[in-house]
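**Q** Below is the structure I would like to discuss, written out as structure tokens.
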Amino acid sequence: MNLKKIDCLDVAKHVCGDLDEHIDSPECRAIKKHLESCPNCTAYLDSLKKTVLIYQHIPNPRFPKRSRKTLFAKLKLRT
Amino acid sequence: MHSSRSDGRPELALIRKAQAGDDRAFARLVKDYESIVYSFAYKVCRDREKAEEAWQDTFVNVFRKLKQFDGKSKFTTWLYSIVVNNCLMKHRHTKLEKAVVRIDAPEGFHEDPVVDAEGHVIQTIASWKDTPIDTLMNKELRSLLDGAIKKLPVDYRVVFVLRDVEGQSAEEVSRMLKLSIPAVKSRLRRARVFLREQLNDYMTT
């Protein structure tokens, strides 16, 4: 990434990959500076973080315990 | 698999017993990991039946291959690589989903942003709602989330779930999937952009 001519597309590519990681790298310092004055990139980064957060919070069904019985029978386990 | 037991030596002792043919030790191992394997399979498959099949196949594989586990890597890394493979197989048996996963120019981005008379950038990308996640999690959104992730090609979906949902490091995922770290990062980036675009309308209106 060319740090002298950083634009929104550079920021989009970088923040998509790393989000908040490696925040002290030279690239991230340049991006942080860009974010301070760019409402589009700020909104974009925020939406990516929310995407991840939402997927982390989807409730999942419980493990069906009958599966364990089926497995043990299939493997002929002596428990 | 955020488990404190993932590196535990007592667990290694249990694995060694199971490797020696102790059925009770193997059963204990299954009980310890059944929920996390099922949960991962469900997150990737988004289908109870497929997740259950992937779960069964995974533990049958573990039973048959347990002697190959040498204890040098984390047991969870080894286990994930098996369940990932079974999830991938489930989807390769059906027709592969096709989705265009763009990244180079996410929607709404311009090389030259629109500026006002004073040179300040005008916001053209809509902000997402600040609603708390728990409040957001209604039937409509859940259906949208399921639909969006199902559209994502499974190779990308697996990387997204491992990295962003399960919290595995890029290095671990690279080992599990036998991919280079740049390839893991590239798939993750594309997955995030794709899912974000799928949710954008719902989250901005």
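Just so you know, the sequences run in chain order A and B.
In terms of the numbering used here, the first sequence opens at residue -7 and continues consecutively.
In terms of the numbering used here, the second sequence opens at residue 49 and continues consecutively.
For each residue, glycine too, the CB sits at the ideal point set by N, CA and C.
Measure from the alpha carbon of A/L37 to the alpha carbon of each residue in B/E245, B/T253, B/Y250, then state which is nearest.
**A** Cα-wise, what sits closest to A/L37 is B/E245.
**Q** I want to verify the contact list: residues of chain A whose CB lies under 8 angstroms from the CB of B/V169, in sequence order.
**A** S29, C30, P31, N32, listed in chain order.
**Q** My output table needs one value for A/V105: the three-state DSSP class, helix, strand or coil.
**A** Here chain A has residues from -7 to 71 only, and residue 105 of chain A is not among them.
**Q** Would the beta-carbon of B/V213 fall within 8 angstroms of that of A/Q48?
**A** Closer than 8 angstroms, so yes.
**Q** Provide the residue(s) that pair with B/V163 in DSSP beta bridges, ordered along the chain.
**A** According to DSSP, B/V163 bridges with B/V169.
**Q** Would you report the Cα separation of B/T106 and B/C135, rounded to the nearest angstrom?
**A** Answer to the nearest angstrom: the Cα atoms are 9 angstroms apart.
**Q** Can you list, in chain order, the residues of its chain with a C-beta nearer than 8 angstroms to that of B/L243? Leave out the 5 residues immediately preceding and following it.
**A** Within the same chain, B/L243 has close Cβ partners A196, I197, L200, F208.
**Q** So, does the CB of B/L82 fall closer than 8 angstroms to a CB anywhere in chain A?
**A** A small correction: the amino acid at residue 82 of chain B is Glu; Leu does not occupy that position in the sequence shown. For B/E82, the answer is yes, since a Cβ of chain A falls inside 8 angstroms of its Cβ.
**Q** Can you give me the start and stop residues for the alpha helix (DSSP H) that B/G195 sits inside?
**A** Residues 187 to 199.
**Q** Using the three-state DSSP reduction, which class does A/D2 fall into: helix, strand or coil?
**A** Of the three classes helix, strand and coil, the one that applies to A/D2 here is helix, per DSSP.
**Q** What's the C-alpha gap between B/Q104 and A/L63?
**A** About 6 angstroms.
**Q** Can the beta-carbon of A/I(-2) be found closer than 8 angstroms to that of B/L193?
**A** Cβ atoms of A/I(-2) and B/L193: not closer than 8 angstroms.
**Q** Considering only residues of the same chain and omitting the five flanking positions on each side of B/A99, which have a CB-CB separation below 7 angstroms?
**A** Only Y86, A89, Y90, C93 meet the Cβ criterion.
**Q** Tell me where the alpha helix (DSSP H) around B/E100 begins and ends.
**A** Per DSSP, B/E100 belongs to the alpha helix (DSSP H) from 96 to 113.
**Q** By the criterion of Cβ-Cβ separation under 7 angstroms, what are the contact partners of A/P18 in chain B?
**A** Within 7 angstroms Cβ-Cβ: nothing; A/P18 doesn't reach chain B, min ~18 angstroms.
**Q** Secondary structure at B/F182, three-state DSSP: helix, strand or coil?
**A** The sequence shown places Asp at residue 182 of chain B, not Phe. B/D182 falls in the helix class under three-state DSSP.
**Q** On a Cα-Cα basis, can you pick out the residue from B/N248, B/Y204, B/W176, B/D249 that is closest to B/L227?
**A** Cα-wise, what sits closest to B/L227 is B/Y204.
**Q** Please classify B/D249 as buried or exposed, where buried requires at least 16 other C-beta atoms within 10 Å of its C-beta.
**A** Under this definition B/D249 is an exposed residue.
**Q** On the DSSP letters alone, give me the boundaries of the alpha helix (DSSP H) that A/I23 sits inside.
**A** 18 to 29 is the span of the alpha helix (DSSP H), which, as asked, contains A/I23.
**Q** To the nearest angstrom, how far is the alpha carbon of B/A239 from that of B/D71?
**A** Approximately 40 angstroms, taken between the alpha carbons.
**Q** Please report the straight-line C-alpha distance between B/D178 and B/A165, rounded to a whole angstrom.
**A** Answer to the nearest angstrom: the Cα atoms are 30 angstroms apart.
**Q** A/R58 to A/A65, Cα distance in whole Å?
**A** The straight-line gap from Cα to Cα measures roughly 11 angstroms.
**Q** Got a sec: is the Cβ-Cβ distance from A/I50 to anything in chain B below 8 angstroms?
**A** It does: the Cβ of A/I50 has a partner Cβ on chain B nearer than 8 angstroms.
**Q** In this structure, how does DSSP classify B/D118 when only helix, strand and coil are distinguished?
**A** Residue state, collapsed to three classes: coil.
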